[in-house]
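Structure first, then comments.
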Amino acid sequence: MNKRNTSSSRPLVIVESPNKVSTISKILGDGFTVKASYGHFADIPAKRGSIDTAKNFTATYVLSKKGQEIIDMLRDELATASELILATDGDREGEMIAFLLVEFLQPTVPVSRIVFNSITRIEVLAALDDRKQIRPTLVEAARTRRYLDYLYGFSVSPVLWSKVRGNLGAGRVQSPALRMVVEREKERLAFVETTYCGIEATLAIDAQVVATLRTIDTVPVAKSDDIDDAGSVAPPAQLLLLPDAQQLAAALQETSLTVANSKTEAYSRKPRRPYTTSDLLQDIYSRLKIGASLAQVVMNQLHEKGLISYPRTDSPALSGVAMAAARQQAIEMFGATCVPDKPRLYFPKRKSAQEAHEAIRPSNLSLRHPKGLSAQQAAVYDMVWRRTVASQMVNTTGTTVTVTLHANTTHPEHWCVLTASGTTIVEPGHRRLYSTPEDEEPTPLAEFTVGDVYAVSAVEVKEHVTRPPARYTEASLIRALEAQEIGRPSTYAPIIQSLRDEYVWSKRGDQALIPTLTGVAVQQFLAECFPSLIDYTFTREMEEELDSIVEGTATLVDMLSKFYSRGDGHWPGLVSVIDDVEKSYKPADHDVLVIGVHPETGDPIVLKPGRSFAGKKSVRGTRSRPSRTSGSPYIKCGSRNVAVPDNTELSQLTVEFALTLLNTPTEARIVGEHNGEEVSVKVGPYGPYATVGSRSVSLPADTDIATVSLADIQPLLTFPRSLGVDPVSGDEVFVKRGRYGIYVERAGDTRPVPAETDPTTVTLEVALELLARPKKARGKR
DNA sequence: CAGTGAGCGAGCTTCCGCTTGACTT
Numbered sequence: 009m010n011k012r013n014t015s016s017s018r019p020l021v022i023v024e025s026p027n028k029v030s031t032i033s034k035i036l037g038d039g040f041t042v043k044a045s046y047g048h049f050a051d052i053p054a055k056r057g058s059i060d061t062a063k064n065f066t067a068t069y070v071l072s073k074k075g076q077e078i079i080d081m082l083r084d085e086l087a088t089a090s091e092l093i094l095a096t097d098g099d100r101e102g103e104m105i106a107f108l109l110v111e112f113l114q115p116t117v118p119v120s121r122i123v124f125n126s127i128t129r130i131e132v133l134a135a136l137d138d139r140k141q142i143r144p145t146l147v148e149a150a151r152t153r154r155y156l157d158y159l160y161g162f163s164v165s166p167v168l169w170s171k172v173r174g175n176l177g178a179g180r181v182q183s184p185a186l187r188m189v190v191e192r193e194k195e196r197l198a199f200v201e202t203t204y205c206g207i208e209a210t211l212a213i214d215a216q217v218v219a220t221l222r223t224i225d226t227v228p229v230a231k232s233d234d235i236d237d238a239g240s241v242a243p244p245a246q247l248l249l250l251p252d253a254q255q256l257a258a259a260l261q262e263t264s265l266t267v268a269n270s271k272t273e274a275y276s277r278k279p280r281r282p283y284t285t286s287d288l289l290q291d292i293y294s295r296l297k298i299g300a301s302l303a304q305v306v307m308n309q310l311h312e313k314g315l316i317s318y319p320r321t322d323s324p325a326l327s328g329v330a331m332a333a334a335r336q337q338a339i340e341m342f343g344a345t346c347v348p349d350k351p352r353l354y355f356p357k358r359k360s361a362q363e364a365h366e367a368i369r370p371s372n373l374s375l376r377h378p379k380g381l382s383a384q385q386a387a388v389y390d391m392v393w394r395r396t397v398a399s400q401m402v403n404t405t406g407t408t409v410t411v412t413l414h415a416n417t418t419h420p421e422h423w424c425v426l427t428a429s430g431t432t433i434v435e436p437g438h439r440r441l442y443s444t445p446e447d448e449e450p451t452p453l454a455e456f457t458v459g460d461v462y463a464v465s466a467v468e469v470k471e472h473v474t475r476p477p478a479r480y481t482e483a484s485l486i487r488a489l490e491a492q493e494i495g496r497p498s499t500y501a502p503i504i505q506s507l508r509d510e511y512v513w514s515k516r517g518d519q520a521l522i523p524t525l526t527g528v529a530v531q532q533f534l535a536e537c538f539p540s541l542i543d544y545t546f547t548r549e550m551e552e553e554l555d556s557i558v559e560g561t562a563t564l565v566d567m568l569s570k571f572y573s574r575g576d577g578h579w580p581g582l583v584s585v586i587d588d589v590e591k592s593y594k595p596a597d598h599d600v601l602v603i604g605v606h607p608e609t610g611d612p613i614v615l616k617p618g619r620s621f622a623g624k625k626s627v628r629g630t631r632s633r634p635s636r637t638s639g640s641p642y643i644k645c646g647s648r649n650v651a652v653p654d655n656t657e658l659s660q661l662t663v664e665f666a667l668t669l670l671n672t673p674t675e676a677r678i679v680g681e682h683n684g685e686e687v688s689v690k691v692g693p694y695g696p697y698a699t700v701g702s703r704s705v706s707l708p709a710d711t712d713i714a715t716v717s718l719a720d721i722q723p724l725l726t727f728p729r730s731l732g733v734d735p736v737s738g739d740e741v742f743v744k745r746g747r748y749g750i751y752v753e754r755a756g757d758t759r760p761v762p763a764e765t766d767p768t769t770v771t772l773e774v775a776l777e778l779l780a781r782p783k784k785a786r787g788k789r
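Per our numbering, the very first residue in the first sequence carries number 9; after that it's consecutive.
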């Protein structure tokens with residue numbers, strides 16, 4: 009419809025995002041057609057064997073369904089175009105997309121590649137005058153990254169299926185992320201709480217000056233920083249305990265404090281850098297308590313409305329235009345002295361082929377309060393606006409005074425040193441617009457004269473208890489991953505989502521990430537069998553090698569054969585490592601956790617991950633299939649097994665907890681009648697089961713015998729069931745429940761009942777239809 | 001401390017990194 013290019017053909021410009029199309033169209037005018045590729049439209053297939061590892065790691069990129077439509081659309085546009093200009097993002101992935109566009113479009117017109125880092129008239133037009141070609145080494149690096157991730161994930165995950173449990177995944181990004189969450193949980197478990205005291209003395213003067221006790225006879229009084237998670241105190245500091253503290257406080261009350269030193273220092277704080285994706289996710293969480301997925305959605309919405317720049321970036325850099333606009337806004341609000349002489353420049357941490365975008369900032373800085381936004385959108389926009397403008401303002405400056413006071417106490421006799429400090433802000437600078445809860449309004453303190461003596465008006469003993477390291481939140485985990493350069497801005501939110509599928513959970517109304525028992529089991533397994541794959545430096549080292557490929561000093565085959573087959577000095581190669589694990593790792597010999605020893609039998613009480621099961625398990629239990637008979641993690645003691653919910657905290661797994669589970673339900677409990685027969689439930693050596701008359705029926709492993717009702721289990725009691733006789737063959741047709749779930753059977757021929765079909769509604773017609781299908785179901789896509 | 005039900009079929013799961021949709025009210 010919008011084909012007005014009948015008279016003369018125009019260049020076709022392709023960008024990644026449709027959101028860029030209209031802006032760039034406006035800049036380029038009628039002489040160009042601008043279209044979007046919508047990101048990666050092709051990929052190697054997500055199934056086994058997509059990479060031919062025997063043949064120099066060759067693989068074929070295939071269009072996705074949506075990708076096919078996009079390529080068709082672009083091919084139509086190209087048919088009438090005078091030339092093809094590839095304007096995908098200026099990073100490694102963008103180069104790959106440009107390369108794949110050429111591969112799939114097979115253009116017959118001239119092709120060139122342009123790169124601009126921000127969509128401004130100057131940059132876009134300059135890029136058009138600086139035509140380049142696709143860089144083959146950059147494409148090779150992108151391809152290597154893609155293949156390595158595939159080889160890692162699709163080789164290690166199957167080992168999890170055979171050694172831990174089915175349906176689990178491992179990968180270069182998710183596995184170190186899981187490691188962080190699990191190790192933090194174990195640090196919390198190993199944490200030893202320490203109680204310690206501090207003493208605060210208030211000086212008897214008009215101003216409220218509170219001095220803190222620092223040393224007793226030159227020995228530093230331990231602060232929280234001096235005490236580690238095991239409760240050890242870093243020398244020379246020593247813990248001040250309550251009885252001593254009270255005695256000393258009483259003695260201090262009787263003494264006076266002499267000023268030994270008064271020091272004045274300049275105080276200066278730079279503004280925070282403009283937002284990267286990770287910074288903004290972190291800040292949205294701490295200010296608005298919104299998790300990563302929703303936060304990313306709100307950021308996207310603001311971007312789609314044209315209000316903020318591209319929301320997935322790891323660069324804090326601002327374009328020259330944006331810096332000038334931010335300075336202008338600051339000057340209008342606070343006058344010319346509120347910005348430094350020159351604009352403040354911010355640089356990405358890692359200068360590489362990876363940063364294609366600038367920081368997240370308002371598209372139009374003169375727009376202070378856009379109309380028509382939801383409360384969340386408005387709040388996020390306001391944060392972005394403040395942080396961007398503040399980033400160009402002068403430092404917050406002032407003076408910090410620290411005064412040192414001496415006291416000699418009697419009963420007990422000690423020489424005590426106390427300090428007090430305070431800061432006076434002279435120039436608020438950037439804090440007028442943006443401050444964090446940590447930069448609390450400082451309390452000022454006047455200077456003191458050495459030798460002056462003050463009486464003490466009050467002495468207070470403050471008792472403190474050390475806190476275990478905090479669990480990660482979505483935002484802090486993302487920050488930790490980013491600090492290790494693991495993962496990319498476009499994947500931060502999805503990573504959290506995929507962890508939540510199996511490996512982590514949170515309590516209601518809380519964002520703290522707690523590992524599931526399955527998550528703990530997988531981390532243990534990976535740490536034992538594949539430690540170098542979950543090393544936090546793995547990705548960084550990968551990136552360095554990819555840089556060598558870009559520079560032309562290494563190749564895809566070098567790097568992948570080293571990783572996968574050939575190995576190097578320290579690493580025997582993934583294939584060989586996996587072979588060893590498959591041969592030598594016996595799950596029965598490995599426990600997730602040794603909980604303790606049974607006080608009477610002396611049998612060890614251990615946690616096991618649970619083995620193969622049919623159907624996917626959800627931690628929240630919304631979709632647990634009734635057919636599942638095993639799979640939940642379980643506690644093992646002697647010959648007894650008892651299931652524990654996957655979302656049990658490690659700290660709950662004590663001997664007492666295990667014993668209550670192991671001891672409680674050995675007796676059958678009658679829950680009602682089914683077809684006139686009494687139904688009772690019980691836990692046996694193979695897990696929970698129901699008895700109906702003389703028949704017994706296994707129940708899902710996480711069934712709680714004490715609370716389960718007849719209604720909960722009644723559907724399971726209907727199997728096996730005769731559906732009638734097949735009118736064609738005359739054979740009786742059954743629906744049965746077996747190890748792998750519900751299935752239908754006719755004369756020894758079987759078909760599984762699909763998970764989405766309610767097995768209680770299976771009729772003869774349904775069964776015959778299933779049996780008519782070919783035996784080997786072809787997996788769709 | 002320990003004799004606690006019964007057991008028929010085997011296909012599939014998985015990676016990371018780019019992008020936006022589209023069910024309805």
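Backbone N, C-alpha and C define an ideal beta-carbon position, used for all residues, glycine too.
Rounded to the nearest angstrom, what separates Gln261 and Leu197 at their Cα positions?
Here residue 261 corresponds to residue number 253 of the first sequence, with the count starting at 1. Here residue 197 corresponds to residue number 189 of the first sequence, with the count starting at 1. The straight-line gap from Cα to Cα measures roughly 40 angstroms.
Just to confirm before moving on: does the CB-CB distance between Tyr283 and Ala367 stay below 8 angstroms?
Residue 283 sits at position 275 when you count from the first residue of the first sequence. Residue 367 sits at position 359 when you count from the first residue of the first sequence. Taking 8 angstroms as the Cβ cut-off, Tyr283 and Ala367 qualify as a contacting pair.
To the nearest angstrom, report how far apart Leu146 and Glu449 are at their CA atoms.
Mapped onto the first sequence, residue 146 falls at position 138. Mapped onto the first sequence, residue 449 falls at position 441. C-alpha separation (whole angstroms): 49 angstroms.
If you follow the alpha helix (DSSP H) that Ala719 is in, where does it begin and where does it stop?
Locating residue 719 in the first sequence gives position 711, counting from the first residue. It spans Leu718 to Leu725 - the alpha helix (DSSP H) in which Ala719 sits, taken as one unbroken run.
State buried or exposed for Val510, treating a residue as buried only when at least 16 other CB atoms are found within 10 Å of its CB.
Stepping through the first sequence from its first residue, residue 510 is reached at position 502. A quick correction: the sequence has Glu, not Val, at residue 510. So Glu510 counts as buried.
Measuring CB to CB, does Val689 end up less than 8 angstroms from Glu681?
In the first sequence, counting from the first residue as 1, residue 689 sits at position 681. In the first sequence, counting from the first residue as 1, residue 681 sits at position 673. Not closer than 8 angstroms, so no.
Using the three-state DSSP reduction, which class does Trp393 fall into: helix, strand or coil?
In the first sequence, the residue the question calls residue 393 occupies position 385. Reduced to three states, the DSSP call for Trp393 is helix.
Is Ile494 buried or exposed, if buried means 16 or more other CB atoms sit within 10 Å of its CB?
Walking along the first sequence from the start, residue 494 turns up at place 486. By the 10 Å Cβ count, Ile494 comes out buried.
Please list the terminal residues of the continuous beta strand (DSSP E) segment that includes Ala428.
Position 420 of the first sequence, counted from the first residue, corresponds to residue 428. Note, Ala428: beta strand (DSSP E), His422 to Glu435.
Can the beta-carbon of Val614 be found less than 8 angstroms from the beta-carbon of Asp599?
The residue labelled residue 614 in the question sits at position 606 within the first sequence. The residue labelled residue 599 in the question sits at position 591 within the first sequence. Contact: yes.
So is Ser717 buried or exposed if we call it buried at 16+ other beta carbons inside 10 Å?
Within the first sequence, the letter at position 709 stands for residue 717. By the neighbour-count rule (16 or more Cβ atoms within 10 Å), Ser717 is not buried but exposed.
Return the bridge partner residues of Ala185 from the DSSP annotation.
As a position in the first sequence, residue 185 is number 177, starting the count at 1. Paired residue(s): none; Ala185 is not in a bridge.
Excluding five sequence neighbours on each side, which residues of the same chain lie with their C-beta closer than 6 angstroms to the C-beta of Ala651?
Position 643 of the first sequence holds residue 651. Correct list, in chain order: Ser640, Tyr642, Ala709 and Asp710.
Roughly how many whole angstroms lie between the Cα atoms of Val627 and Trp513?
The residue given as residue 627 occupies position 619 in the first sequence. The residue given as residue 513 occupies position 505 in the first sequence. In this prediction, Val627 scores a pLDDT of 30, lower than 50, which makes its location untrustworthy; no coordinate-derived value is stated.
Note down, in chain order, each residue of its chain lying with its Cβ closer than 6 angstroms to the Cβ of Gln304, except the 5 sequence neighbours on either side.
Within the first sequence, numbered from 1, the residue matching residue 304 stands at position 296. So the list reads Ala501, once near-sequence residues are dropped.
Report the three-state DSSP secondary structure of Glu773 (helix, strand or coil).
Stepping through the first sequence from its first residue, residue 773 is reached at position 765. Note: Glu773 maps to helix in three-state DSSP.
With DSSP as the reference, identify every bridge partner of Pro228, one or two as the case may be.
On the first sequence, position 220 is the one that residue 228 refers to. Answer is Thr223.
Could you give the DSSP three-state label for Arg745: helix, strand or coil?
Along the first sequence, read from residue 1 onward, the residue named residue 745 stands at position 737. Residue state, collapsed to three classes: strand.
Identify whether Arg352 lies in helix, strand or coil by the three-state DSSP scheme.
Indexing the first sequence from 1 puts residue 352 at position 344. It is coil, neither helix nor strand.
Compare the Cα-Cα distances from Ser45 to each of Ser301, Thr408 and Leu86 and report the closest residue.
Counting from 1 along the first sequence, the entry for residue 45 is found at position 37. Ser45 has its Cα closest to that of Leu86, out of Ser301, Thr408 and Leu86.
Would you kindly work out how many angstroms separate the C-alpha atoms of Val347 and Leu326, rounded to a whole number?
Indexing the first sequence from 1 puts residue 347 at position 339. Indexing the first sequence from 1 puts residue 326 at position 318. Looking at the two C-alpha atoms, the distance is approximately 16 angstroms.
Under 8 angstroms by Cβ, that's how I've got Thr220 and Glu208 pegged, so tell me the actual separation to the nearest angstrom.
Translated into the one-based positions of the first sequence, residue 220 becomes position 212. Translated into the one-based positions of the first sequence, residue 208 becomes position 200. The Cβ separation is near 6 angstroms, so the contact holds.
Is it buried or exposed, Leu459, if we count other Cβ atoms within 10 angstroms and call 16 or more buried?
Along the first sequence, one-based indexing puts residue 459 at 451. As written in the sequence, residue 459 is Gly, which differs from the Leu given in the question. Under this definition Gly459 is an exposed residue.
Excluding sequence positions up to five away, which residues of its chain have a Cβ less than 6 angstroms from the Cβ of Leu265?
Taking the first residue of the first sequence as position 1, residue 265 is located at position 257. Closer than 6 angstroms at Cβ, skipping near neighbours: Leu413, Ala415 and Tyr462.
When you compare only the Cα positions, how much space is there between Glu482 and Gln519?
Start at 1 with the first residue of the first sequence, and residue 482 comes out as number 474. Start at 1 with the first residue of the first sequence, and residue 519 comes out as number 511. Taking the straight line joining both Cα atoms gives about 7 angstroms.
For Leu731, which residues does DSSP report across the bridge?
On the first sequence, residue 731 is found 723 positions in, with the first residue counted as 1. DSSP, once it has assigned bridges, lists no residue as partnering Leu731.
Below 8 angstroms on the Cβ atoms is my guess for Leu541 versus Val181; work out the distance and round it to an integer in Å.
By one-based count along the first sequence, residue 541 stands at place 533. By one-based count along the first sequence, residue 181 stands at place 173. About 11 angstroms separates the two Cβ atoms, so there is no contact after all.
Please confirm whether Arg143 and Leu113 have their CB atoms less than 8 angstroms apart.
Locating residue 143 in the first sequence gives position 135, where the first residue counts as 1. Locating residue 113 in the first sequence gives position 105, where the first residue counts as 1. Contact flag unset, no.
Starting from Lys470, trace the beta strand (DSSP E) both ways and give me its first and last residue.
As a working mapping, residue 470 is identified with position 462 in the first sequence. Here the beta strand (DSSP E) through Lys470 covers Val461 to Val473.
How do the segment 249 to 258 and the segment 396 to 408 stand: do at least 3 beta-carbon pairs fall below 8 angstroms, yes or no?
Result no; under three Cβ-Cβ pairs closer than 8 angstroms.
Using the beta-carbon count (16 or more within 10 Å), is Gly787 buried or exposed?
Locating residue 787 in the first sequence gives position 779, counting from the first residue. For Gly787, the pLDDT reaches just 38, beneath the cut-off of 50, and the residue's location in the model is therefore unreliable, although a value from the coordinates is still provided. With fewer than 16 other Cβ atoms within 10 Å, it is exposed.
What three-state label does DSSP hand His311 in the structure shown?
Locating residue 311 in the first sequence gives position 303, counting from the first residue. Correct three-state label for His311: helix.
In three-state terms, what does DSSP make of Val530?
Mapped onto the first sequence, residue 530 falls at position 522. In the structure shown, Val530 sits in a helix (DSSP, three-state: H, G or I).
Which whole-angstrom value is the C-beta distance of Leu568 and Leu156, which I expect to be below 8 angstroms?
As a first step, residue 568 is located in the first sequence; it is residue number 560 there, counting from the start. As a first step, residue 156 is located in the first sequence; it is residue number 148 there, counting from the start. That pair is a contact at about 6 angstroms.
Who are Ala332's beta bridge partners in DSSP?
On the first sequence, residue 332 is found 324 positions in, with the first residue counted as 1. In DSSP, Ala332 forms no bridge with anything.
Is Ser276 helix, strand or coil by DSSP?
The sequence position of residue 276 within the first sequence is 268, counting from 1. Note: Ser276 maps to strand in three-state DSSP.
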